[in-house]
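Q: For the sequence shown, my numbering gives the first residue as 74, with consecutive numbering after it. C-beta atoms are modelled at their ideal positions from N, C-alpha and C, and glycine is treated no differently. Remember, it's a predicted structure, so these values are computed and weren't measured experimentally.
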Amino acid sequence: GDFAEKGKDEVEIKDVDYEEVTDLFQLIFDVQALITDSTLPHVLALGDRFQMKQVIAQSEIHLMISSTFSQAKKLLISDQYRLDKLKNQCLLSYTTVTAISVLESAPEFAQFSEKLKVDILHRTFKIANAST
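(1) Are the CB atoms of Leu136 and Val89 within a distance shorter than 9 Å?
(2) If we ignore side chains and look at the alpha-carbon of each, how far apart do Lys199 and Arg155 end up?
(3) Exposed or buried, which one is Arg122 when buried takes at least 16 other CB atoms within 10 Å?
(4) Quick check on Tyr91: buried or exposed, where buried means 16 or more other Cβ atoms within 10 Å of its Cβ?
(5) If I measure Cβ to Cβ from Ile129 and keep anything under 8 Å in the same chain, skipping five residues before and after, which residues do I get?
(6) Is it right to say Leu107 is buried, meaning 16 or more other beta carbons lie within 10 angstroms of its own, or is it exposed?
(7) Could you spell out where the alpha helix (DSSP H) holding Asp152 opens and where it closes?
(8) Does at least one heavy atom of the ligand SAM sit under 8 Å from the Cβ of Ser174?
This is the structure in structure tokens:
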């Protein structure tokens, strides 16, 4: 395309921490580099900011297998970054209405979008209907 940066030898990226962008570049250019629990927040944010689908997909996979983050935190991240596979995995992990009601007391719940809250309500209905 015809970007203003096309003819430049150097492109300035503003509002990016050097260490964080280094983690992102390592992930992109080093086939052995992996996302970790500590790099995930900034790598995912940068991947989203710069529309890097592969970085977002790798972040979602990491979250799906990580046991470090609570289900509520994973739901919040899935909501913020539109990670549907992660959201569905988290919702399916709730198998009782009681477990879902505990979710409401999580600090992350207040930050959930209305759409996610509707999805949680639908999951609650499915569980309740299955037990009758």
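A: The relevant details are as follows:
(1) Within the sequence shown, numbered from 1, the residue matching residue 89 stands at position 16. Within the sequence shown, numbered from 1, the residue matching residue 136 stands at position 63. Not in contact: Val89 and Leu136 (Cβ atoms no closer than 9 Å).
(2) On the sequence shown, position 126 is the one that residue 199 refers to. On the sequence shown, position 82 is the one that residue 155 refers to. Cα-Cα distance, rounded: 22 Å.
(3) For the purposes of this step, residue 122 is taken as residue 49 along the sequence shown, with counting starting at 1. Under this definition Arg122 is an exposed residue.
(4) Here residue 91 refers to the residue found at position 18 when the sequence shown is read from its first residue. So Tyr91 counts as exposed.
(5) The residue you call residue 129 lines up with position 56 of the sequence shown. Counting only Cβ-Cβ distances below 8 Å, and skipping sequence neighbours, we find Leu117, Gly120, Asp121, Tyr154, Leu156.
(6) Along the sequence shown, read from residue 1 onward, the residue named residue 107 stands at position 34. Under this definition Leu107 is an exposed residue.
(7) Position 79 of the sequence shown, counted from the first residue, corresponds to residue 152. That run of the alpha helix (DSSP H) goes 144 to 154.
(8) As far as ligands go, the structure on display features none, and thus does not contain the ligand SAM.
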